[in-house]
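Q: Take this structure first; my questions come after.
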Amino acid sequence: MIKIPFCDLAKLNRPMMAEIEQALLRVARSGRYIGGTEVSAFEEKLCDLTGARHAVGVGNGLDALKLVLRGLVALGRLNRGDGVIVAANTYIASMLAIEDAGLVPIPVDPDRRTMLLDGAGVSGCHVKTAKAVMPVHLYGRAAWDAGLVRAIEERGLLVIEDNAQALGARTDIAGLNGRHRMTGALGDAGALSFYPTKNVGALGDAGAVLTDDTELASAVRSLSNYGSDRRYHNVYSGGCNSRLDPMQAAVLGVKLGYVDAVSRRRRDVAVAYYRMIENDLIEKPDMPEYAESHVWHQYVIKVPCLEARDAFRKYMHERGIETDVHYAVPPHRQPCYEKRQWGDFPVTCEIADRVVSLPVACVSSDEAEYVAETVNRWRM
Ligand SMILES: *Cc1c(COP(=O)(O)O)cnc(C)c1O
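Letter 51 of the sequence shown, counting from 1, is numbered 328 in my numbering, and no numbers are missing.
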């Protein structure tokens, strides 16, 4: 019986395992277990890849978002109570980080087709307190086009990218400074997650902040280390301990070398699905015109409705194919946000009821063909 797991991390890491093991041994034998050259070397590699002037390794992706926003508040670029426009269908981390910094999430419905925040979403949002926007490159696709850039510039919004899912994606439209083309380096700052299942995954938790802004980079570095700018000298009261572990930095240094290969592999699977899946009940994601703007962290199809989704997933499971849902309950419907009056978001709710993620991370071409054929044979 064919078995296609949704994501097999051991299999995914196997081709790089010898290098990863060497890197881990190197750190274990070094005697340096916090900070040091492993971390700074990885930060430099991130700058080389993305073009960002500064990269600051931190403990995880959520902390990367929190520290950027806390940093912007500490520097007076944002004030507590300011609004941050964000797609309502994002992962909850985006909302948690915004509220953590004393800022106010302003969720807006995404575009139905791309499932991403767009220019219409930003210009259609009339909340006066909005001072920033958080494009979330959800599923690995860059939330960045001419319309969005225009809407951002018209309102003079600060841009904090949640790039937890799209490291390695490039855009055809340049970032705000006119130079960068890689997600995470398009706006004022970007947050990365190296959670093990992300396109570049650590062997545990890890994250990073990207920015061209030297002051912000120093603020984030201090805030991630007890708010201190040098030993026993604390300049921020909002500090925490969220440093990038050198073990993870060493592993990530290896894995970053494979980021383009990983994106290419995922894109091949996505193209295969796009070509082969033909079923009137299934809505496929479209292919962006600029192929490199999507690194396919998830391949997300839509079934007709919530009831159909359970049936579809059971049908796939019975044929050896594991699927997942990203995400079944949007943030505004989570119990923790019950009392917020953010509004209702029909597009987001429809997406939440209909999306199913097919395996894409470690699928061979034969397996992709089997997945597509199985999808094609599904009837309600
Ligand atoms: C994974 C993820 C995060 C958080 O990253 P962690 O490293 O798990 O803390 C934030 N935002 C989005 C969109 C994510 O997918």
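C-beta: ideal position from N, C-alpha, C; glycine also.
Just so we're clear, the structure is a prediction, and the values are computed from it rather than from any experiment.
Would the C-beta of serine 371 count as close to ligand 1, meaning under 7 angstroms from any of its heavy atoms?
A: Yes, since a heavy atom of ligand 1 falls inside the 7 angstroms radius drawn around the Cβ of serine 371.
Q: Quick one: does the C-beta of proline 442 sit closer than 7 angstroms to a heavy atom of ligand 1?
A: Just to set this straight, residue 442 is glutamine in the shown sequence, not proline. Yes, since a heavy atom of ligand 1 falls inside the 7 angstroms radius drawn around the Cβ of glutamine 442.
Q: Would you say the beta carbon of asparagine 502 comes nearer than 7 angstroms to a heavy atom of ligand 1?
A: Checking the Cβ of asparagine 502 against ligand 1 gives no.
Q: Under 7 angstroms from any heavy atom of ligand 1, does the C-beta of tyrosine 416 make it?
A: Outside the cutoff, so no.
Q: Counting C-beta neighbours from all protein chains within 10 Å, is the total for aspartate 489 16 or more, i.e. buried, or is it exposed?
A: With 16 or more Cβ atoms within 10 Å of its Cβ, aspartate 489 is classed as buried.
Q: Three Cβ pairs or more, each shorter than 8 angstroms: is that satisfied between the stretch 499–511 and the stretch 610–622?
A: The stretch 499–511, when compared against the stretch 610–622, does not touch it at the 8 angstroms Cβ threshold.
Q: Does the stretch 375–393 come within contact of the stretch 340–360, defined as at least 3 CB pairs closer than 8 angstroms?
A: Contact holds: three or more Cβ-Cβ distances are below 8 angstroms.
Q: So is lysine 660 buried or exposed if we call it buried at 16+ other beta carbons inside 10 Å?
A: Lying outside 278 to 657, the shown extent of the chain, residue 660 is not represented and no answer is given.
Q: Considering only heavy atoms of ligand 1, does any lie closer than 7 angstroms to the CB of aspartate 482?
A: Yes, the beta carbon of aspartate 482 sits closer than 7 angstroms to at least one heavy atom of ligand 1.
Q: How about threonine 460: is its Cβ closer than 7 angstroms to a heavy atom in ligand 1?
A: No, the Cβ of threonine 460 stays beyond 7 angstroms of every heavy atom of ligand 1.
Q: Under a three-way DSSP split, which group does glycine 452 fall into?
A: Three-state DSSP puts glycine 452 in coil, outside helix and strand.
Q: Answer yes or no: the CB of threonine 367 versus the heavy atoms of ligand 1, is any distance below 7 angstroms?
A: Checking every heavy atom of ligand 1 against the Cβ of threonine 367, one is found closer than 7 angstroms.
Q: CA-CA distance, alanine 374 and asparagine 502?
A: Between alanine 374 and asparagine 502, the C-alpha separation is close to 18 angstroms.
Q: Taking 7 angstroms as the cut-off, is the CB of aspartate 439 close to at least one heavy atom of ligand 1?
A: Yes - ligand 1 has a heavy atom lying nearer than 7 angstroms to the Cβ of aspartate 439.
Q: Is the CB-CB distance between valine 413 and aspartate 439 below 8 angstroms?
A: In this structure, aspartate 439 lies closer than 8 angstroms to valine 413 by Cβ.
Q: When every heavy atom of ligand 1 is checked, does at least one fall within less than 7 angstroms of the C-beta of asparagine 518?
A: Flag unset: Cβ of asparagine 518 not near ligand 1.
Q: Classify arginine 507 as helix, strand or coil using the three-state DSSP reduction.
A: In this structure, arginine 507 counts as strand in the three-state DSSP scheme.
Q: For serine 499, which residues of its own chain have a beta-carbon under 8 angstroms away from its beta-carbon, when the five flanking residues on both sides are left out?
A: If we look at serine 499 and ignore the five residues flanking it on each side, its Cβ neighbours are Ser505, Asp506, Val512, Tyr513, Gly516.
Q: What does DSSP give as the partner residue(s) for proline 387 in the beta ladder?
A: Beta-bridge pairing links proline 387 to no other residue.
Q: Check whether the Cβ atoms of cysteine 485 and alanine 341 lie closer than 8 angstroms to each other.
A: Per the sequence shown, residue 485 should be read as alanine rather than cysteine. Yes, the pair counts as a contact, with Cβ atoms nearer than the cut-off.
Q: Check serine 470 in the structure and name its three-state DSSP category.
A: Strand at serine 470.
Q: Quick check: does the Cβ of tyrosine 472 come within less than 7 angstroms of any heavy atom belonging to ligand 1?
A: Correct: tyrosine 472 has its Cβ closer than 7 angstroms to ligand 1.
Q: Kindly indicate which three-state DSSP category tyrosine 416 falls into: helix, strand or coil?
A: Three-state result, tyrosine 416: helix.
Q: Just to confirm my understanding: we take histidine 331, look at its own chain, exclude 5 residues before and 5 after, and list those with CB closer than 6 angstroms. What are they?
A: If we look at histidine 331 and ignore the five residues flanking it on each side, its Cβ neighbours are Thr488, Ala494.
Q: List the whole-angstrom C-beta distance separating glycine 452 from glycine 464, where the pair is believed to meet the contact cut-off of C-beta under 8 angstroms.
A: That pair is a contact at about 7 angstroms.
Q: Which first and last residues belong to the alpha helix (DSSP H) in which methionine 293 is found?
A: Here methionine 293 belongs to no alpha helix (DSSP H), and DSSP marks it neither H nor E.
Q: Using DSSP's beta-bridge definition, name the partner residues of asparagine 518.
A: Partner(s): Asn502.
Q: Measure the C-alpha to C-alpha separation of valine 497 and glycine 620 and round it to an integer number of angstroms.
A: Whole-angstrom Cα-Cα distance: 32 angstroms.
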